[in-house]
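Protein chains in written order, with my numbering: chain C, 871 to 1024; chain E, 871 to 1024. Reviewing the structure listed below.
There are 2 protein chains.
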Amino acid sequence: MLKLSRLADYAIVILVKLGEQDGVVTSPALAAITGVPEPTVAKVLKVLSAHGFVLSQRGAKGGYRLARSLADMSVASVIAAVDGEIALTACVGGRECDTGLSCGLCGSWDVINTAIRSTLEGISLESMRPKEACSTVLAQINKLNATQTVREGA
Amino acid sequence: MLKLSRLADYAIVILVKLGEQDGVVTSPALAAITGVPEPTVAKVLKVLSAHGFVLSQRGAKGGYRLARSLADMSVASVIAAVDGEIALTACVGGRECDTGLSCGLCGSWDVINTAIRSTLEGISLESMRPKEACSTVLAQINKLNATQTVREGA
DNA sequence: TAATTAAAGACCTGAATGGTCCTGTTTCGG
DNA sequence: CCGAAACAGGACCATTCAGGTCTTTAATTA
């Protein structure tokens, strides 16, 4: 299915919502806004804080706020922070497959990984915000498809 | 991590290897070639057969062979056959998020899903074969990156 | 100093994936 | 005609890991 982990999903939602608030926001408040369970929100925020996406302020009247603008955060970077490196398969960077498969495809996998990574790096959290930005991204996709000519099958 | 399931990984390796043989090949033989455990190979081949990627021949002297050329199989189609639809997150096609998140980002996710899908559809199994085809795909990636200008963050 | 809130980490649970096996059914060879 | 070989199609188990909870500690403010 090639699906994203839910934590990464949450992380993106949380960041976007956090960007729409002003001042510091507590994790319970963000939980209320997003509908994500509070402990999970806290967990995600810790990770995001550790990776420099948000700034935390401890103590009374503490909370979180964005470390930089949404436009300066790519979807890829958030996913990488929460879930680790984006890699579709075990054999990455020329390392041998763990199972010792004689697949000989390791290099080719890297190509795919790079393609996916580039795609996600090209999408900022700013463009994830509802409505307005969608058309922009859609235009990108169309241009992207026009470029894609390697081949397609049924 | 956004990683591919191992079954889909195997499926691609098996198809590529199958394409390099001539005549029908038994699943034990493919297991030997790929290094994947035989029962697993058999399982994957059944799925691939059901989805029309390979043709099976039953009985003694039976085995499998490709239903069409590797160039006519996209990475995306194989993944979709083995793992189901490619979708990075729960909210797809405008459906509400199952958790009832008030994320309001559902539409934006679709954009990402489409982008990933297009990328993988642009890569054929033929181009997964070692060596020769890599340069071609790499050129694609570069062109693709040049097109991507939405924005990128740290 | 007391209350509030984030930081950090241990820990539990459950779903889902990967992997195995078993029982047909078909086809070829003797 | 019979047996072996090989696919078909399940059921089934086991392991992993993500997701979520709880507890303790530390910092900040009133």
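By construction, the Cβ of each residue, glycine as well, lies at the ideal position given by its N, Cα and C atoms.
Between the CA atoms of D942/E and W979/C - distance to the nearest angstrom: Cα to Cα, W979/C sits roughly 18 Å from D942/E.
V981/E at chain C interface by Cβ criterion, 9 Å: Yes, its Cβ sits closer than 9 Å to a Cβ of chain C.
With a threshold of 9 Å between beta-carbons, can V894/C be considered close to chain E, or not? V894/C does not count as touching chain E.
Any C-beta of chain C sitting closer than 9 Å to the C-beta of G992/E? True, the Cβ-Cβ gap to chain C drops below 9 Å.
Under the three-state DSSP convention, the category L936/C falls into: If DSSP states are grouped into helix, strand and coil, L936/C belongs with the strands.
Enclosing beta strand (DSSP E) for L918/E [first to last residue]: Counting along the chain, L918/E sits inside no beta strand (DSSP E); it lies in the alpha helix (DSSP H) bounded by residues 908-920.
If you reduce the DSSP assignment to three classes, tell me which class V894/E lands in. Correct three-state label for V894/E: coil.
Which residues in the same chain as I884/E place their Cβ atom closer than 8 Å to its Cβ, once the five residues preceding and following it in sequence are excluded? Leaving aside the five residues that flank I884/E on each side, the residues in its chain whose CB is nearer than 8 Å to its CB run, in chain order, L900, T904, V906, V911, V914, L915, L918.
Determine the direct distance from the alpha carbon of A902/E to that of L925/E, and round the result to whole angstroms. Those two C-alpha atoms are separated by around 20 Å.
Nearest-angstrom beta carbon gap, L940/C and S994/C [assumed within contact, 8 Å]: So it is a contact: roughly 7 Å between Cβ atoms.
Residue burial classification, E890/C (beta-carbon count within 10 angstroms, cutoff 16): Taking a 10 Å sphere around the C-beta of E890/C, we find fewer than 16 other C-beta atoms and assign the residue as exposed.
Can the beta-carbon of Y934/E be found closer than 9 Å to that of V981/E? The answer is no: Cβ separation not under 9 Å.
Should S926/E be flagged as near chain C, meaning a C-beta pair shorter than 9 Å? Contacts with chain C at 9 Å (Cβ-Cβ) do not include S926/E.
Do I986/C and I949/E have their beta-carbon atoms positioned less than 9 Å apart in this structure? No, the Cβ-Cβ distance between I949/E and I986/C is not below 9 Å.
Spatial neighbours of L990/E in its chain, beta-carbon cut-off 6 Å, leaving aside the 5 residues before and after: Excluding sequence neighbours, L990/E sits near V945, A946.
Separation of R876/C from Q927/C, as counted between CA atoms: Their Cα atoms are separated by approximately 26 Å.
Can you check whether the C-beta of L888/E is within less than 9 Å of a C-beta belonging to chain C? Not a single CB atom of chain C sits nearer than 9 Å to the CB of L888/E.
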